[in-house]
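In what follows, a structure is listed as structure tokens, so that the remarks can point back to it.
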Amino acid sequence: MKKILLTGANGFFASRFYTYYKNKYDILPLTHSDLDITDGSKCLEIIQIFKPDYVIHTAAIADTGLCETNPELSYEINVKGSINIAKACSLTKSKLVYLSSEQIFNGNLESGPYNENHIPMPNTVYGKHKLQAEDELKGIIDELWILRFSWLFGFPEKNCRVSSNILWNVVSSVLKDKKIKLPVNEFRGMTYVYDLIENFHKILDFPYGIYHTGSENDLSTYDIALLILKEIGLGHKADNYLEKDTDRYNDHPRDLRISNDKLKKYGIDLPETVDGIKNCLRDFNY
């Protein structure tokens, strides 16, 4: 049985990954309380003791607002912490999977979807630090997969953390009978977490390199929310739960869409966001 060391194990993706694969792999799930990734010697010690075949590095500060107000903290975790993990993997001959983000394209002015050869132009602290970490890691370890995620979505589950995501945000607005305001000028891929997790093991057989691992989508964030209401039979009550935000990104649409053509080339065909939403609602009996 192959061994996986999983950082950020209590996160939205990692907690579900562990539950899904815990009987297929020998997984050591580590939270911040188990491992402070800013401590390089501790990273090396734990990885040397466990001797994983793969390290899946998901630990990060993904709150973009927090990164903007605390850039030093963002650097310590998102860049320095990732460097520490990469150095430990290089020394122990463990292969590294690094989770990056679509957010590195947040400052690009041309329209997406972006492929792996597009030059990212991040304009936020979080995006800049994720891209910096990518570049640093490529200089440290050759046995490296860089996976650029899009916005993941799913429902709350036992022993799994739920974070803000388009599907749960819309369903929550219905359950709380509150209206949410969503931009009509934002375009981004949104990925059902289990569409990605179910295919994840295949990536470990891919050639090393950068992969865009998110669903494709051409609808605005507002239109995706409207679709969710229609799918759960509440499209006729959209005005009760949704409000169009026409001011945000009005000067220039925010386009974070990523192309997953390279992923398809190697055998993973992620459903588009619309189909992912239908898959999730079906899986959770909505």
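Note that UniProt numbering has the sequence shown beginning at 1, numbered continuously upward.
Glycine is no exception: its CB is placed at the ideal position from the N, C-alpha and C atoms.
Computed from a predicted structure; not experimentally measured.
Out of curiosity, what's the CA-to-CA distance linking residue i and residue j?
i: Pro271; j: Pro253; result: 24 Å
i: Glu231; j: Lys278; result: 7 Å
i: Phe206; j: Tyr266; result: 7 Å
i: Glu243; j: Lys179; result: 7 Å
i: Glu76; j: Trp168; result: 30 Å
i: Gln132; j: Asp269; result: 28 Å
i: Asn117; j: Asp34; result: 36 Å
i: Gly209; j: Trp145; result: 5 Å
i: Gly8; j: Thr31; result: 5 Å
i: Gly81; j: Pro113; result: 30 Å
i: residue 295; j: Phe17; result: Summary: the structure shown does not reach residue 295, with the chain confined to residues 1 through 286, and so no result is reported for it.
i: Cys280; j: Ala62; result: 23 Å
i: Met121; j: Lys130; result: 11 Å
i: Gly139; j: Ser15; result: 29 Å
i: Phe187; j: Gln103; result: 12 Å
i: Val79; j: Val162; result: 24 Å
i: Glu110; j: Asp251; result: 14 Å
i: Val171; j: Asp177; result: 10 Å
i: Glu143; j: Thr246; result: 45 Å
If you check the beta carbons only, do residue i and residue j fall under 7 Å apart?
i: Asn115; j: Ser259; result: yes
i: Gly189; j: Ser215; result: yes
i: Tyr249; j: Asn165; result: no
i: Phe105; j: Leu263; result: no
i: Leu44; j: Ala88; result: yes
i: Ile47; j: Leu96; result: no
i: Leu28; j: Phe50; result: yes
i: Gly276; j: Asp218; result: no
i: Phe149; j: Ser90; result: no
i: Leu182; j: Tyr222; result: yes
i: Leu137; j: Ile56; result: no
i: Thr191; j: Leu227; result: no
i: Gly11; j: Thr58; result: yes
Quick one: what's got a C-beta closer than 8 Å to residue i's C-beta in the same chain, skipping five residues either side?
i: Glu198; result: Tyr20
i: Phe284; result: Phe155
Apart from the five residues on each side of it in sequence, which residues of its chain come closer than 6 Å, Cβ to Cβ, to residue i?
i: Leu147; result: Leu99, Tyr211, Thr213
i: Asp26; result: Met1, Lys3
i: Gly235; result: Leu229
i: Thr124; result: Thr64, Asn106
i: Asp53; result: Lys2, Lys3
i: Thr92; result: Ile47, Gln48
i: Glu134; result: Ser100, Ile146
Just reading off the alpha helix (DSSP H) that residue i is part of, what are its end residues?
i: Leu175; result: 166 to 175
i: Glu157; result: Note, Glu157: premise wrong, no alpha helix (DSSP H); not H, not E.
i: Ser90; result: 82 to 92
i: Arg282; result: 273 to 283
i: Ile203; result: 200 to 203
i: Asp261; result: 261 to 265
Just curious, the beta strand (DSSP E) that residue i is in, first and last residue?
i: Tyr192; result: 190 to 192
i: Val97; result: 95 to 101
i: Asp245; result: 242 to 245
i: Tyr211; result: 209 to 212
i: Lys179; result: From DSSP, Lys179 is part of no beta strand (DSSP E); its letter is neither H nor E.
Would you check whether the ligand ATP has a heavy atom nearer than 6 Å to the C-beta of residue i?
i: Asn123; result: Annotation note on the ligand ATP: not contained in the displayed structure, which lists no ligands.
In chain order, what residues of the same chain lie with their CB nearer than 7 Å to the CB of residue i, ignoring the 5 residues before and after it?
i: Asp261; result: Asn115
message = Report the start-end ranges of each beta strand (DSSP E) in the stretch 8 to 70 that is 3 residues or longer and not cut off at the edges.
response = 26 to 30, 54 to 57
inquiry  = Quick check for students: name the residue ranges of the alpha helix (DSSP H) that lie wholly in the stretch 105 to 153, counting only runs of 4 or more.
reply    = 125 to 138
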